[in-house]
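Chains as they are written, first to last, in the UniProt record's numbering: chain A, 1 to 410; chain B, 1 to 410.
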């Protein structure tokens, strides 16, 4: 078990009194505590869940994807599903609600917390917005939020409400409906509208603002939003590091600056590749088109080392509540980069084994203890859900920051 | 007179019926309209007004400063007076209120609109704040605003409420009380507190946010402040161009970006020197210390050309309502730069003559007209105050955007 001080904020101590059905203490018995779920969100983008849940691909492809999903389930407890408007509803009025509901349900049944990404973004937005007036675009965008957040309530209760607002009104690569309305509303104005609708549609949801911009721009935007009364539940920070690992110094500096708000921080889209680095002079990562971007053994080792350091720094920071690896597999990864933790053939890279070890071993608690004469046993462990096993009996318990003594009938 | 279309937004047309004391039309008489004051604020920093008004310097020095002030009065209708806290109140509880009131009164009596600069800033702030807790600093800062804005009400009704907020919480050149509290409150938070107190203390005042940062940072800050309900009356933009004139392209780009808010824009601190340029690689202008920075004939011509272009672009823009030349004279100019429009010996540079021509001639209206049979005459002119002279009689009229017909008894 790691140094308790280092991870103290991720752990708690709980005293349990075990009694039998008649109310008598279960004294001097061996008890195993096995962590089944983390409170911390170890997430991953796993868009293949849509095909797997809907079983709408050929059998051999389905088997391949099911194997991929099995590997995913062995490590993560969080999944990001795609809600890019232009793909979710390419034809107005025909959203892929059922397909995505099936995927979200499939994941939920496997104890995975699902996040929807994103509800409002200028990229991959619905092309048919371009034929509308700005007032109509805004109404369509709000109606989209109301519809989708409501349709997925209970299956998806975490949303990237609005994505990349810093650049949104000055995005000039191509005309799109969302940039148009963001110019009208201003940055804080559009955030306000989208969050208001998201909150109305699912008051208990965790609603995120998300951006790749980690400069002072994003700090001031968040500051403005909070002062304008917008109820942001968590600050989303993208970290696509195709041009090289940020390193400890930048990472800690970013954490320090975004901690001032006292809000939970989610690293929503993390990429560290196992290939050569993208040249540093490329400003928009989308501009880099490389025909074949191989994963190599040397770079796979580097990727694992960087992921270990980065995850450790983030897991240590008290405000970070989620880290999402963006691409699970190199297959279909953004920009064709070897950004996955498994290769195109589903074979695990060192980073996969490393993350599995961190999440399921180093940062999990699996201990055996013994009750005292009064049936009392104390567990200290990482926050989350546990199976308590005593003889042939098993019960579920939760370790959260509400410590104290619980009495369990076993 | 310049092209009427170009300056149409600065002008209006007014029809006046002149009658004599008995109510009879003053028919077929020559009438002179002489502009005495501009609605547009052509301002200038003129800290020497404090010595002139208080007459607390030796006689020869006083005569020299009076000559300087005369030159100032021949061109400008606005003045910026210094309220740097560390100089205004170097010893806690002993502010230089009387001296500054005398200066403001002296200027007001000469038909000059006075602005106070600044109420809250991390630079040249009171050093004795450093001994206080953050709560005490905030209270002292708010009390300072309440006291000074109240003490000067009627004399000074325009304030740079808070200066350079973008950098304020990350300013790291030296410790100071204002940076400390800005870290606590956040940028939008400190703006909110200062504006709230300023507004309470003088509800009718014109309250500005002011910054040298013209990047997207400042745009997002303003956006956040407005969405947080802060009543900013005008956006203040500094333009200290010691490293070279921005040029038309940047100037128009800045105007375009800061126009989105629909608020009046004040160019609050404009510098174009008549000397060599400061090297472009200097980030904080304060870091450039040059023992002697001469004004040369060649660069004085350049200064005049640049001022002509810049003032023309700004005067043409419908949202710009004020331009302030930061240093009137090279004497005591910031950074020792030849930033004035008069030299250290009070001799006018070409820029002085140019500005006088623009303000008092090209952008002023002085016309002679004749009343018709009904005593009616129409004037089209730049917005502001006028003397109407008919024979040996003189009355004052105002040309503002509330057009229509006025009847004047002469």
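Glycine is no exception: its CB is placed at the ideal position from the N, C-alpha and C atoms.
- Below the 7 Å Cβ cutoff, chain A contributes 217 as neighbours of residue 216 of chain B, in chain order.
- DSSP lists A/342 as the bridge partner or partners of residue 329 of chain A.
- Rounded to whole angstroms, residue 249 of chain B and residue 256 of chain B show a C-alpha spacing of 10 Å.
- Closest option to residue 115 of chain B, judged by alpha-carbon separation, among B/62, B/38, B/294, B/207: B/207.
- DSSP places residue 362 of chain B in no beta strand (DSSP E); its state is neither H nor E.
- The beta carbon of residue 234 of chain A does not come within 8 Å of any beta carbon belonging to chain B, so the residue lies off that interface.
- Looking at the DSSP output, residue 269 of chain B sits in a beta bridge with B/238.
- Bounds of the alpha helix (DSSP H) holding residue 197 of chain A are 187-201.
- The DSSP-derived three-state label of residue 262 of chain A is coil.
- Within chain B, the residues placing a beta-carbon under 7 Å from that of residue 189 of chain A are 227, ordered along the chain.
- Bounds of any alpha helix (DSSP H) do not take in residue 375 of chain B, whose DSSP letter is neither H nor E.
- Secondary structure at residue 37 of chain B: strand, using DSSP grouped into helix, strand and coil.
- According to the DSSP assignment, residue 16 of chain B belongs to the beta strand (DSSP E) that extends over 11-19.
- Not flagged as an interface residue toward chain B: residue 282 of chain A, since no C-beta distance is shorter than 8 Å.
- Residue range 206-211 is occupied by the beta strand (DSSP E) that includes residue 210 of chain A.
- At a cut-off of 8 Å, the C-beta of residue 221 of chain B has a neighbouring C-beta in chain A.
- Residue 238 of chain A counts as buried, since no fewer than 16 other beta carbons sit within 10 angstroms of its beta carbon.
- Linking residue 177 of chain B to residue 164 of chain B through their CA atoms gives a straight-line distance of about 15 Å.
- In the structure shown, residue 28 of chain A falls within a coil segment according to DSSP collapsed to helix, strand and coil.
- Three or more beta-carbon pairs drawn from the segment 207-227 of chain B and the segment 217-224 of chain A are found closer than 8 Å, and the two stretches are therefore classed as touching.
- Here the alpha carbon of residue 300 of chain B sits roughly 16 Å from the alpha carbon of residue 333 of chain B.
- Residue 196 of chain B is outside the set of residues whose beta carbon lies under 8 Å from a beta carbon in chain A.
- Among the CB atoms of chain A, one or more fall inside 8 Å of the CB of residue 224 of chain B.
- Close partners of residue 192 of chain A in chain B (Cβ separation under 8 Å): 227.
- Taking each of B/119, B/326, B/330, B/311 in turn and checking the Cα distance to residue 144 of chain B, the smallest one comes out for B/119.
- Between residue 102 of chain A and residue 54 of chain A a beta carbon distance of about 5 Å is seen, short of the 8 Å cut, so the two are scored as contacting.
- Here residue 364 of chain B is buried. Its C-beta has 16 or more other C-beta atoms within 10 Å.
- Fully enclosed beta strand (DSSP E) runs of no fewer than 3 residues occupy 113-117 of the segment 110-139 of chain A, in order along the chain.
- Taking a Cβ-Cβ cut-off of 8 Å, residue 122 of chain A has no neighbours in chain B, whose nearest Cβ is about 16 Å from it.
- In this structure the segment 68-84 of chain A does not touch the segment 26-33 of chain A; the number of beta carbon pairs closer than 8 Å is below three.
- Under the 10 Å beta carbon count, residue 391 of chain B is surrounded by fewer than 16 other beta carbons and is classified as exposed.
- Just so you know, the alpha carbons of residue 6 of chain A and residue 316 of chain A end up roughly 7 Å apart.
- Short of 7 Å from the beta carbon of residue 395 of chain B, and not among the five residues preceding or following it, lie these beta carbons of its own chain, in chain order: 388, 408, 410.
- In terms of CA proximity to residue 339 of chain A, A/303 leads the group A/359, A/321, A/303.
- By the Cβ criterion, the segment 121-138 of chain A is not in contact with the segment 57-73 of chain A, since fewer than three pairs of Cβ atoms, one from each stretch, lie closer than 8 Å.
- Rounded to the nearest whole angstrom, the C-alpha separation of residue 75 of chain A and residue 355 of chain A is 7 Å.
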